[in-house]
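Visitor: Please read through the structure below; I'll follow up with questions.
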Amino acid sequence: MSNEAQKVALPAFLKKRLHAFRIGQGAEQSYLIKDPQEDQVHQLETWQFFLLEVLPGCEDMPKLKGVFEDRFGHAITDEQIEELFTLIADKSLFGITALSNPILKAFQKKRAAEGKGRAAPGAKAEAAVEEKATVKEPLPPGIEDVIGLDTSIKQAGLKLFNPKRLIKLTSPIVKPISYLMYAIPLMLIAALFLLGRYFTVMEEDITLLLSGVSIIEHALFSMLTVNLSVTFLIMYVAHSFRASVNGLGIVFYLGFFPRFCPFIGNLDQLSRRERMWLHAAPLIFRLGLFSTAILMWFNTRDMGGVIAPFSLVVAVASALSFLITVNPLVKSSGYHLVATILDEPQLRKKAYGALMNKLKGDTYKEANGRLLAAYALASTVFMIVLFGLILLLLGKFLKIHLGGAGVILTFFVAAIFAYRMFVSFARINQSYDRASQFKKWRDRTLVSKETESQGSEAAPKKGSYVRRALLIMLLGCLFLPYAYEPGGSFVLLPNQQQEITSDLSGLVDWVKYDGGEELKKGEAIAALWQGDYSAKVKVYEALMKEQQAVIDELKSRPRKEDVLLAERALETEETRTQFSLSKLSRLEKLYKSRTVSYEELDDARREYRIDLAQVAESKADLEVTKLGATPDQIAAAQAKLEGYEEEYKYYNEKVKLSTLHMPFDGRLVSMHLRQ
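0 is the number of the first residue of the sequence shown in numbering that gives the first Met the number 0; add one for each residue after it.
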């Protein structure tokens, strides 16, 4: 068994200066509460420390008892709980935040009514609450000056409802999803690869989608998708770190730009690591949302419907939101994350103090640093550029829809921005002057009251003059002549658009392009399997050549060679007939003298008659050869050739239809053709 003390998280309702340690193991385990200021150590049993740990999540005694019974397997009485609270209260271990718990608040009232010493959180805590915390502890970095987290900030807005119960019910379901953040780097690499490869196609889709969408509509879409999901993410993260979710509302940045905002309390108990995660989680979530949207767009673009356009717009909104919030020059997640990492809650204030000191060259040196001055200067330049970009986009939108009146309205908005910026810089200057005067007073170099009064009297006169001049200029702009221009939104459509299909059915043989490429007219894109058609084309091509040779041979008749051959054949038959006639004459004489038989004579007569028929046939062949081919023979051969040609054209057209070609110069809109 090891008795080495191990530091653990301090229960939320104890004083922040205390430290908690766990000693022992198993049944001998206990906890030590160390007070470094009073140099005291208090020992608590395991069940006592457990009750203090779960107390922030329990609003009434039955719930506290139920949690205890689930943990230890037996019930606990009200007397035991009150004895524990009395022990902690007598030792003055409760902090100021203890009064926010209903159980401790009821215990305090009961204790005060019975007159049993100090109240639950201690007399000092009660006095601090009654006197409205005259000595207020500074909030840690990442909490101070954060809208929704720092309750001292007064921001124009509207509280909608408190989703605390919803967050509690769904936290067990949402918590396993947090492990998906380990896949975000791989998803981001894949999304960036697709973005680089299909940037042109993506740009065209974005232009087509946003051509009919105004800036206001885009801002509302971003608010209801990216901003709302990030807001709930912050509430889930804060709830997992034992913070209390107090509400969900809408705040107006710059006085008119609405954004969802979570209202969270009990954040001063968070450790530095937890505060870092509270601001890093929204940035990681935006990257994950961007990657997921890009991958969904890529895989659903060819399916049609609304999934691909919706994913692309979400990707654009999440990317813009990430680029703005990750910038440490803007007071957002990136800035608060840097402030938490550097453990510097007054980073921007000190930076502007250093910048003012560089500009004025006064003796106030407390925040004089080149790095801080450079940061303040970069923040100022970035805000000016950001305002300029917003005004440029707003001016284009208003000019399209309102014409010349939109330009005047843009100048009016620019004047409001300039006035707010002037007020902000004046406030920074006053803060710097107060700090500088305090430094000079401490060094006994404070300027005289007469000089201060003169400066204060001159300032209102100058400010009054500037306001009057601006008002006169704006009134004068209303009377400036300008030409009316037609305005309105429009959509550019391609002059030609065609869906490439085939009338044939079959298997795809090959695909040359994947989609998104620029092609010339006539380029082959893909083809169906054409094995049977190609074989038929070759067969009929050979038959056509054979039949054409037959026609050419018929048209070349009569040829001299054929006539000469027929004549020689006739002469041969005539000579053979003469010999057979001589033989027949001899045999007849010999038969009369009874030298030969009748059969021999009959064979000679038959041979002679056959030779005569052969002579007649040879004469007919000679006449036919001299006449040549008849027109009917040539026509029949020509008709057979035409039949072969029709079959050849039919199957050749099948082969052509099985290959898809680009109908005109343009771009392939469909993606993933090879898949």
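A virtual CB, placed ideally from N, CA and C, is assigned to each residue, including glycine.
Quick check: what's the CA-CA separation for Y252 versus V145?
Guide: Against the sequence shown, residue 252 aligns to sequence position 253. Against the sequence shown, residue 145 aligns to sequence position 146. Their backbone Cα atoms lie some 13 angstroms apart in a straight line.
Visitor: Strictly by DSSP, which residues pair up with S243?
Guide: Translated into positions along the sequence shown, residue 243 becomes position 244. DSSP, once it has assigned bridges, lists G264 as partnering S243.
Visitor: Out of curiosity, what's the CA-to-CA distance linking I87 and A97?
Guide: On the sequence shown, position 88 is the one that residue 87 refers to. On the sequence shown, position 98 is the one that residue 97 refers to. In a straight line, the C-alpha of I87 is about 11 angstroms away from that of A97.
Visitor: Alpha carbons only, please: which of K158, K108, E273, L247 is nearest the one belonging to L165?
Guide: Working through the sequence shown from its first residue, we reach residue 165 at position 166. Looking at the Cα atoms, L247 is the closest of the given residues.
Visitor: Applying the 10 Å Cβ sphere with the 16-neighbour rule, what's the burial state of M661?
Guide: In the sequence shown, counting from the first residue as 1, residue 661 sits at position 662. Buried, since its Cβ has 16 or more Cβ neighbours within 10 Å.
Visitor: State buried or exposed for S332, treating a residue as buried only when at least 16 other CB atoms are found within 10 Å of its CB.
Guide: As a first step, residue 332 is located in the sequence shown; it is residue number 333 there, counting from the start. Counting Cβ neighbours within 10 Å, S332 comes out buried, since at least 16 surround it.
Visitor: Taking N681 as the reference, which of F256, A414, F84 has the closest Cα?
Guide: Here the chain has residues from 0 to 674 only, and residue 681 is not among them.
Visitor: Please state whether DSSP places W509 in a helix, a strand or coil.
Guide: Residue mapping note: residue 509 aligns to position 510 of the sequence shown, counting from 1. The answer is strand: DSSP assigns W509 an E or B state.
Visitor: Starting from V40, trace the beta strand (DSSP E) in both directions and tell me its first and last residue.
Guide: On the sequence shown, position 41 is the one that residue 40 refers to. For V40, the enclosing beta strand (DSSP E) begins and ends at 39-44.
Visitor: DSSP on H671, reduced to helix/strand/coil?
Guide: The residue given as residue 671 occupies position 672 in the sequence shown. It is coil, neither helix nor strand.
Visitor: Just how far apart, CA to CA, sit A19 and Y30?
Guide: Locating residue 19 in the sequence shown gives position 20, counting from the first residue. Locating residue 30 in the sequence shown gives position 31, counting from the first residue. When rounded, the distance between both Cα atoms is 7 angstroms.
Visitor: Is the beta carbon of L667 less than 8 angstroms from the beta carbon of E516?
Guide: Taking the sequence shown and counting its residues from 1, the one referred to as residue 667 is at position 668. Taking the sequence shown and counting its residues from 1, the one referred to as residue 516 is at position 517. Going by C-beta atoms, L667 is nearer than 8 angstroms to E516.
Visitor: The alpha helix (DSSP H) spanning G195 covers which residue range?
Guide: Working through the sequence shown from its first residue, we reach residue 195 at position 196. Residues 183-196.
Visitor: Suppose the cutoff is 8 angstroms on Cβ atoms and the five residues either side in sequence are ignored; what does the same chain contact list for T450 look like?
Guide: For the purposes of this step, residue 450 is taken as residue 451 along the sequence shown, with counting starting at 1. Bear in mind that the predicted position of T450 carries a pLDDT of just 43, short of 50, making it unreliable; the figure below should be weighed with that in mind. Same-chain partners within the cutoff: there are none.
Visitor: Let me check one thing: in DSSP terms, what residues is V7 bridge-paired to?
Guide: Residue mapping note: residue 7 aligns to position 8 of the sequence shown, counting from 1. Paired residue(s): A19.
Visitor: Taking DSSP as the reference, what is the three-state secondary structure of R258?
Guide: In the sequence shown, residue 258 corresponds to position 259, counting from 1. Here R258 sits in strand by DSSP.
Visitor: For the structure I just gave you, are there three or more beta carbon pairs, one from the stretch 271-280 and one from the stretch 333-344, closer than 8 angstroms?
Guide: yes
Visitor: What does the alpha-carbon distance come out to for the pair P162 and V173?
Guide: As a working note, residue 162 is residue 163 in the sequence shown. As a working note, residue 173 is residue 174 in the sequence shown. Going from the Cα of P162 to the Cα of V173 covers about 15 angstroms.
Visitor: I'd like the span of the beta strand (DSSP E) that includes S29, first residue to last.
Guide: Here residue 29 refers to the residue found at position 30 when the sequence shown is read from its first residue. S29 -> beta strand (DSSP E) spans 29-34.
Visitor: Could you tell me which residues DSSP puts in a beta bridge with R666?
Guide: As a position in the sequence shown, residue 666 is number 667, starting the count at 1. The partner list for R666 (beta bridge, DSSP) reads E517.
Visitor: Could you tell me whether the Cβ atoms of P557 and K618 are closer together than 8 angstroms?
Guide: Working through the sequence shown from its first residue, we reach residue 557 at position 558. Working through the sequence shown from its first residue, we reach residue 618 at position 619. Not closer than 8 angstroms, so no.
Visitor: Once DSSP output is grouped into helix, strand and coil, what is the label at G333?
Guide: In the sequence shown, counting from the first residue as 1, residue 333 sits at position 334. Per DSSP, reduced to three states, the secondary structure at G333 is helical.
Visitor: Could you spell out where the alpha helix (DSSP H) holding T624 opens and where it closes?
Guide: The sequence position of residue 624 within the sequence shown is 625, counting from 1. Where T624 is concerned, the enclosing alpha helix (DSSP H) stretches over 597-626.
Visitor: Buried or exposed, going by whether 16 or more other CB atoms sit within 10 Å of the CB of G304?
Guide: Reading the sequence shown from its first residue, position 305 is the one you call residue 304. Counting Cβ neighbours within 10 Å, G304 comes out exposed, since fewer than 16 surround it.
Visitor: Along the alpha helix (DSSP H) that carries A526, what are the first and last residues, could you check?
Guide: Counted from its first residue, the sequence shown places residue 526 at position 527. Segment 523-527 is the beta strand (DSSP E) holding A526; no alpha helix (DSSP H) there.
Visitor: Among all the DSSP beta bridges, which residues are the ones paired with Y252?
Guide: Residue numbering aside, residue 252 sits at position 253 when the sequence shown is read from its first letter. Bridge partners of Y252: F256.
Visitor: With distance defined between alpha-carbon atoms, name the residue in T574, E644, L138 nearest to E545.
Guide: Residue mapping note: residue 545 aligns to position 546 of the sequence shown, counting from 1. Among T574, E644, L138, the Cα nearest to that of E545 is on E644.
Visitor: So V614 and L569 are in contact, right, with Cβ under 8 angstroms, and what is the actual spacing, rounded?
Guide: For this step, residue 614 is matched to residue 615 along the sequence shown. For this step, residue 569 is matched to residue 570 along the sequence shown. The C-beta distance from V614 to L569 rounds to 7 angstroms, short enough to fall under 8 angstroms.
Visitor: Let's see if you can read the secondary structure: which residues bound the alpha helix (DSSP H) around H660?
Guide: Counted from its first residue, the sequence shown places residue 660 at position 661. Unbroken run through H660 is the beta strand (DSSP E), 658-660; no alpha helix (DSSP H).
Visitor: Can you name the start and end residues of the alpha helix (DSSP H) that F106 belongs to?
Guide: Translated into positions along the sequence shown, residue 106 becomes position 107. That run of the alpha helix (DSSP H) goes 101-113.
Visitor: Is it the case that the stretch 522-529 contacts the stretch 585-604, given that we only count it when at least three CB pairs across the two stretches are under 8 angstroms?
Guide: no
Visitor: Go ahead and pull the three-state DSSP assignment for L159.
Guide: Along the sequence shown, one-based indexing puts residue 159 at 160. L159: strand per DSSP, three-state reduction.
Visitor: Where A468 and F231 are concerned, what is the direct C-alpha to C-alpha distance, given to the nearest angstrom?
Guide: On the sequence shown, residue 468 is found 469 positions in, with the first residue counted as 1. On the sequence shown, residue 231 is found 232 positions in, with the first residue counted as 1. Separation of A468 and F231 (C-alpha to C-alpha, rounded to the nearest whole angstrom) is 47 angstroms.
Visitor: What residues match up with L13 in a beta bridge as DSSP calls it?
Guide: Within the sequence shown, the letter at position 14 stands for residue 13. Answer by DSSP bridge pairing, in chain order: F93.
Visitor: Looking at L553 and A628, is the spacing between their C-beta atoms short of 8 angstroms?
Guide: Mapped onto the sequence shown, residue 628 falls at position 629. Mapped onto the sequence shown, residue 553 falls at position 554. Going by C-beta atoms, A628 is nearer than 8 angstroms to L553.
Visitor: Is DSSP giving G72 helix, strand or coil here?
Guide: Here residue 72 refers to the residue found at position 73 of the sequence shown. DSSP places G72 in coil when its eight states are reduced to three.
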